[in-house]
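Engineer: Okay, handing you the structure first.
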Amino acid sequence: MTRAPHLVPALLRFPGSSARQDSWGRLLKVTAGGAELSTAARLAKGEAVLVQFDLGGERLLVPAVVHHAYDDDDGARFAELRWSDMVSRRRLARVLLEVLAKS
Amino acid sequence: MAAIGLLAKEAADRELLGLMLGELGHRAEGAGRLEEALEFARERRTKAFLLVDGGGADAESLTRELIRAFPLMPVVVALKVRDASRAVALMRVGAAEVVAPPWTPEDLKASVSKGLRFQGTAISVASAAPLSRSPVWYALAVGLFLAAGLGVASLKRVEANRAAAAARVDRWELPVRHPAGLAFDGKSLWLVEWFTQSFYALSPDDTAVRIVRHLTAETPVAAAFTAEAMWTVSADGTVIRRMRDDKMTPLARYAKAAPNCAGLAFDGLYLWTLDARAKVLRKHLVDRELSVLATYRWRGSKPAGLVFDGRSLWTLDAADRRLVRYGLERPEEPVDGIPLPEYAEGDYIPTGVSWDGSRFWTVGEAKDGRSPARLVRHKEEAR
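Protein sequences appear in the order of chains A and B. If you use this note's numbering, the first sequence corresponds to residues 1 to 103, in order. If you use this note's numbering, the second sequence corresponds to residues 104 to 486, in order.
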């Protein structure tokens, strides 16, 4: 486990059926299986979301499902995401390995 | 309270955001231009900066300039127009948080609080995202932990009880060799010894001998107690009703009323005798002749004792080493029975049985006839 010098910003996109505007947040933690996100968007458990963020010089677009979400003490939404697409997961795992190898 | 710099080109924005920051407990002083903001930051040692993007101000370039001047100071940007891509772009250049319009004290509080505790993203290849458990999960986990703890404690307690039970003495050697019967008068166990023609009153706690009564003219083989009297049977079959005094004063004699008697019991109304040779149970009316009301065939191997426990008659079978229960309504049919593993080794033969209100007691004669007799207190659950 290593820590980036800043919080990785993430753009959140939702399926058209949910009729939600794009939103944004900060990735508090990223792993090959999922991520922890702090956002102002009212994410709910089971909701599908497309997460776009930059890591290791690559722009990643990873589909995810909200596994768990609650309002934290600051009033922001804390969400635990699980990556739902295996291809994207493998790509992310490769990027993470490269980032960790360089750090 | 934290000093927060506020940079907004429009005075109305400065006023609105300043009020909100004040409500949140922060001290805010607004600036319309970057130079003023930098000056303010140097003088007041601000903890963070809040910028407004739009309305003629480009927060992206302002953020860069502020971070260049104060690299460790978090910058929060308030958008005048909601644009997610713009928000992400601002965060990429260094904004700690971006607040979407319409601005609310709640959103501002969350963003400023987060910005003041700025940290980097944790990165790991670990396959699963860190688990955030719901309160229900934690409650279940705590419940399981407590249940497991209780289970372990219960097992230890059971084991301790088992060890204590194993350590407890439930059998005693007696100072006699030829016991013939056993009876309980509510306080003491009465041992009938045919060889010395004696009765021994024993303490149920430690089997200490409390009383010894020697009968010179009779050979007792069985005994039973009622509320007022003590009943004994001699080897010749004579049943004797006695006072419960120190001398065991005889009150009535019933010659040959109970031949070959292996056991004697009183059920509260009738007297019962067990004939070892004929293998029959006899039900006696307590009258002047001790009349036999009924005779029932006893279906065991070797009758050795008889006792009434308040509900049923129990006979002791010395050959099968079992206590067999009979109902008072149909005494010819055994209801059930319990084994006596204490006699499984075969070196003692049970010769008498009694009931103290909660547990059975038996007395056994050594098979070799030379060793001391043994008194056994049986397990409570045996009944």
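Ideal Cβ positions, reconstructed from N, Cα and C, are used throughout, including at glycine.
For a test of the three-state rule: what should DSSP assign to A:Pro9, helix, strand or coil?
Structural biologist: The residue given as residue 9 of chain A occupies position 9 in the first sequence. Strand at A:Pro9.
Engineer: Am I right that B:Leu409 and B:Ala365 are in contact with their C-beta atoms under 8 Å? What's the rounded C-beta distance?
Structural biologist: Taking the first residue of the second sequence as position 1, residue 409 of chain B is located at position 306. Taking the first residue of the second sequence as position 1, residue 365 of chain B is located at position 262. With a Cβ gap of about 7 Å, B:Leu409 and B:Ala365 count as contacting.
Engineer: Note down, one range per segment and in chain order, each beta strand (DSSP E) of at least 3 residues found wholly within the stretch 20 to 97 of chain A.
Structural biologist: Fully enclosed beta strand (DSSP E) runs of 3 or longer: 23 to 30, 34 to 39, 48 to 55, 58 to 71 and 77 to 83.
Engineer: Less than 8 Å between CB atoms is the rule here; does A:Lys29 satisfy it with respect to chain B?
Structural biologist: Translated into the one-based positions of the first sequence, residue 29 of chain A becomes position 29. A:Lys29 counts as touching chain B.
Engineer: How is B:Trp334 classed by DSSP in three states: helix, strand or coil?
Structural biologist: As a working mapping, residue 334 of chain B is identified with position 231 in the second sequence. Residue state, collapsed to three classes: strand.
Engineer: Since A:Leu100 and B:Val228 are thought to touch, with beta carbons under 8 Å apart, how far apart are those beta carbons, to the nearest angstrom?
Structural biologist: Taking the first sequence and counting its residues from 1, one reaches residue 100 of chain A at position 100. Taking the second sequence and counting its residues from 1, one reaches residue 228 of chain B at position 125. That belief holds up - the Cβ atoms of A:Leu100 and B:Val228 are roughly 6 Å apart, short of 8 Å.
Engineer: Determine the extent of the beta strand (DSSP E) in which B:Lys386 is found, giving its start and end residues.
Structural biologist: Residue numbering aside, residue 386 of chain B sits at position 283 when the second sequence is read from its first letter. First-last of the beta strand (DSSP E) with B:Lys386: Val383 to Leu388.
Engineer: Which residue comes first and which comes last in the beta strand (DSSP E) that contains B:Phe173?
Structural biologist: Your numbering for residue 173 of chain B matches position 70 in the second sequence. That residue, B:Phe173, is in no beta strand (DSSP E); it is neither H nor E in DSSP.
Engineer: According to DSSP, simplified to helix, strand and coil, what is B:Met351?
Structural biologist: On the second sequence, position 248 is the one that residue 351 of chain B refers to. Correct three-state label for B:Met351: coil.
Engineer: If you draw a straight line from the alpha carbon of B:Ser415 to that of B:Leu247, how long is it in whole angstroms?
Structural biologist: Reading the second sequence from its first residue, position 312 is the one you call residue 415 of chain B. Reading the second sequence from its first residue, position 144 is the one you call residue 247 of chain B. If you take the alpha carbons of B:Ser415 and B:Leu247, they lie about 46 Å apart.
Engineer: Quick one: grab the DSSP three-state call for B:Pro177.
Structural biologist: Within the second sequence, numbered from 1, the residue matching residue 177 of chain B stands at position 74. Residue state, collapsed to three classes: coil.
Engineer: On the CB-based measure, 16 or more other CB atoms within 10 Å of its CB, does B:Tyr489 come out buried or exposed?
Structural biologist: Residue 489 of chain B is absent from the structure shown; chain B starts at 104 and stops at 486.
Engineer: Does the beta carbon of B:Met194 come closer than 8 Å to any beta carbon on chain A?
Structural biologist: For this step, residue 194 of chain B is matched to residue 91 along the second sequence. It does; some Cβ of chain A falls within 8 Å.
Engineer: B:Arg147 by DSSP, collapsed to three states: which one?
Structural biologist: Mapped onto the second sequence, residue 147 of chain B falls at position 44. Looking at B:Arg147 - three-state DSSP - the assignment turns out to be helix.
Engineer: B:Glu209 touches chain A at which residues, Cβ-Cβ below 9 Å?
Structural biologist: As a working note, residue 209 of chain B is residue 106 in the second sequence. Those within 9 Å of B:Glu209 in chain A are Gly75.
Engineer: Between the alpha carbons of B:Arg117 and B:Val215, how many angstroms are there, rounded?
Structural biologist: Translated into the one-based positions of the second sequence, residue 117 of chain B becomes position 14. Translated into the one-based positions of the second sequence, residue 215 of chain B becomes position 112. Looking at the two C-alpha atoms, the distance is approximately 16 Å.
Engineer: In whole angstroms, what is the alpha-carbon distance linking B:Met351 and B:Met333?
Structural biologist: As a first step, residue 351 of chain B is located in the second sequence; it is residue number 248 there, counting from the start. As a first step, residue 333 of chain B is located in the second sequence; it is residue number 230 there, counting from the start. Straight-line Cα distance between these residues: approximately 8 Å.
Engineer: Is the Cβ of B:Val228 closer than 8 Å to any Cβ of chain A?
Structural biologist: Position 125 of the second sequence, counted from the start, is the residue given in the question as residue 228 of chain B. So, interface residue.
Engineer: Is the separation between the beta-carbon of B:Arg428 and that of B:Asp439 shorter than 8 Å?
Structural biologist: Mapped onto the second sequence, residue 428 of chain B falls at position 325. Mapped onto the second sequence, residue 439 of chain B falls at position 336. Yes, the Cβ-Cβ distance between B:Arg428 and B:Asp439 is below 8 Å.
Engineer: Would you say B:Ala151 reaches chain A, if we count a Cβ-Cβ gap shorter than 8 Å as a contact?
Structural biologist: Stepping through the second sequence from its first residue, residue 151 of chain B is reached at position 48. No, B:Ala151 lies away from the interface with chain A (no Cβ there is under 8 Å from its Cβ).
Engineer: Can you list, in chain order, the residues of its chain with a C-beta nearer than 8 Å to that of B:Gly472? Leave out the 5 residues immediately preceding and following it.
Structural biologist: To locate residue 472 of chain B, count along the second sequence from 1; it is residue 369. Closer than 8 Å at the Cβ level, and outside the excluded window around B:Gly472, lie Arg280 and His281.
Engineer: In the DSSP assignment, find the unbroken alpha helix (DSSP H) run with B:Val215 in it and report its ends.
Structural biologist: The residue you call residue 215 of chain B lines up with position 112 of the second sequence. That run of the alpha helix (DSSP H) goes Pro208 to Leu219.
Engineer: According to a CB-to-CB cut-off of less than 7 Å, which residues of the stretch 76 to 99 of chain A neighbour chain B?
Structural biologist: If the cut-off is 7 Å between Cβ atoms, the stretch 76 to 99 of chain A has Ala76, Glu80, Leu81, Arg82, Ala93, Leu96, Leu97 and Val99 near chain B.
Engineer: Would you please verify whether the beta carbon of A:Ser38 is less than 8 Å from any beta carbon of chain B?
Structural biologist: Residue mapping note: residue 38 of chain A aligns to position 38 of the first sequence, counting from 1. Answer yes: the Cβ-Cβ gap between A:Ser38 and chain B drops below 8 Å somewhere.
Engineer: Report back the beta-carbon spacing between B:Ser291 and B:Ser306 to the nearest angstrom; my notes put them in contact at under 8 Å.
Structural biologist: Sequence index remark: in the second sequence, residue 291 of chain B carries index 188 (1-based). Sequence index remark: in the second sequence, residue 306 of chain B carries index 203 (1-based). 7 Å between Cβ atoms; contact.
Engineer: Which partner residues does B:Asp156 have in the DSSP bridge list?
Structural biologist: The count along the second sequence starts at 1 and reaches residue 156 of chain B at position 53. Bridge partners of B:Asp156: B:Leu182.
Engineer: If you draw a straight line from the C-alpha of B:Glu132 to the C-alpha of A:Gly46, how long is it?
Structural biologist: Residue numbering aside, residue 132 of chain B sits at position 29 when the second sequence is read from its first letter. Residue numbering aside, residue 46 of chain A sits at position 46 when the first sequence is read from its first letter. Straight-line Cα distance between these residues: approximately 43 Å.
Engineer: What residues of chain A sit near B:Thr224, judged by a beta carbon separation below 8 Å?
Structural biologist: To locate residue 224 of chain B, count along the second sequence from 1; it is residue 121. Correct list: Arg3, Ala4, His6, Leu7, Val8, Arg26, Leu27, Leu28, Lys29 and Val30.
Engineer: Mapping DSSP to helix, strand and coil, what is B:Ser457?
Structural biologist: Along the second sequence, one-based indexing puts residue 457 of chain B at 354. Residue state, collapsed to three classes: strand.
Engineer: Taking all protein chains shown into account, decide if B:Ala115 is buried (16 or more other Cβ within 10 angstroms of its Cβ) or exposed.
Structural biologist: Sequence index remark: in the second sequence, residue 115 of chain B carries index 12 (1-based). Answer is exposed; the Cβ neighbour count stays below 16.
Engineer: Could you tell me whether the Cβ of B:Arg171 comes closer than 8 Å to any Cβ of chain A?
Structural biologist: Here residue 171 of chain B refers to the residue found at position 68 of the second sequence. It does not: the Cβ of B:Arg171 has no partner Cβ on chain A nearer than 8 Å.
Engineer: Return yes when the Cβ of B:Ile441 is within less than 8 Å of the Cβ of B:Arg425, no when it is not.
Structural biologist: Reading the second sequence from its first residue, position 322 is the one you call residue 425 of chain B. Reading the second sequence from its first residue, position 338 is the one you call residue 441 of chain B. The answer is yes: Cβ separation under 8 Å.
Engineer: The alpha helix (DSSP H) that contains B:Asp370, what's its start and end?
Structural biologist: To locate residue 370 of chain B, count along the second sequence from 1; it is residue 267. No alpha helix (DSSP H) holds B:Asp370; DSSP gives it neither H nor E.
Engineer: Does the pairing of the stretch 194 to 201 of chain B with the stretch 163 to 170 of chain B give three or more beta-carbon distances under 8 Å?
Structural biologist: Result yes; three or more Cβ-Cβ pairs closer than 8 Å.
Engineer: Quick check: B:Gly445 and B:Val479, are their CB atoms within less than 8 Å of each other?
Structural biologist: Taking the second sequence and counting its residues from 1, the one referred to as residue 445 of chain B is at position 342. Taking the second sequence and counting its residues from 1, the one referred to as residue 479 of chain B is at position 376. Checking the sequence, you will find Glu at residue 445 of chain B rather than Gly. Result yes, Cβ atoms of B:Glu445 and B:Val479 sit closer than 8 Å.
Engineer: Closest Cβ-Cβ distance between A:Leu11 and chain B: below 8 Å?
Structural biologist: For this step, residue 11 of chain A is matched to residue 11 along the first sequence. Interface residue, yes.
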